[in-house]
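So the sequence shown is numbered by the working numbering: it starts at 134 and just counts up by one.
Yeah, the Cβ is synthetic: ideal placement off N, Cα and C, and Gly gets one too.
I have placed the structure first, in the form of structure tokens, so that the comments after it can refer back to it.
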Amino acid sequence: MTAIIINTKHAPQPIGPYNQGICNGNILYISGQIPTHTLENVDNMNIQQQTQIILSNIKNIILKANFSVNNIIKTTIFLTKIKDLQDVNKIYKIFFQENNSHFPTRSCIEVNNLPKNAKIEIEAIAMK
């Protein structure tokens with residue numbers, strides 16, 4: 134089975150030596166996304182705005198790979214402040230409900246900092 138690189142202009146281009154996504158058979162691995170695909174400075178966005186942008190970017194990568202949000206089976210969330218989790222959960226819940234999807238399994242990890250001064254990063258795995 135050959136891995137297929139997934140790249141869309143509707144999500145941030147990688148800022149390092151990695152791809153937005155890799156599809157291997159029926160599994161899609163999506164690199165951690167930060168809210169950089171906008172003209173607005175990340176410093177001016179609250180955690181809810183950052184979460185919305187990231188989930189939109191993940192959806193765009195998923196659609197480019199001919200998957201759907203309902204195919205997401207696992208997410209990992211990295212937060213610079215774990216106290217922001219409640220606000221993240223509000224946006225996260227709405228996103229999956231609006232996309233008529235189940236809630237995937239999930240881990241949440243607090244980290245010291247993230248690239249580009251982001252408050253949150255989310256990576257995902259999807260499976261058909």
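- Scanning ILE258, PRO248 and PRO150 for the CA closest to the CA of ASP176 turns up PRO248.
- Under the rule that a run must span 3 or more residues, the beta strand (DSSP E) segments found entirely inside the region 156 to 222 read 160 to 166 and 205 to 212.
- Annotation: LYS192 to VAL202 spans about 6 angstroms, alpha carbon to alpha carbon.
- ILE137 has CYS156 as its beta-bridge partners, per DSSP.
- Looking from the CA of LEU188, the closest CA among CYS156, GLN230 and LYS214 belongs to GLN230.
- Only buried fits TYR225, as 16 or more other CB atoms lie within 10 angstroms of its CB.
- Judged by beta-carbon spacing, ILE255 lies within the 9 angstroms limit of GLN166, meaning their Cβ atoms are closer than that value.
- For ALA259, the enclosing beta strand (DSSP E) has its first and last residue at 253 to 260.
- Looking from the CA of THR169, the closest CA among ASN157, ILE206 and LYS142 belongs to LYS142.
- CA-to-CA, the gap between GLY158 and MET134 works out to about 7 angstroms.
- Under the DSSP definition of a beta bridge, SER240 partners with THR209.
- Here ILE215 has GLU243 as same chain residues with Cβ atoms under 7 angstroms from its own Cβ, once five neighbours each way along the sequence are excluded.
- The shortest CA-to-CA distance from ASP220 to any of LYS252, ASN152, TYR162 and ASN204 is the one to LYS252.
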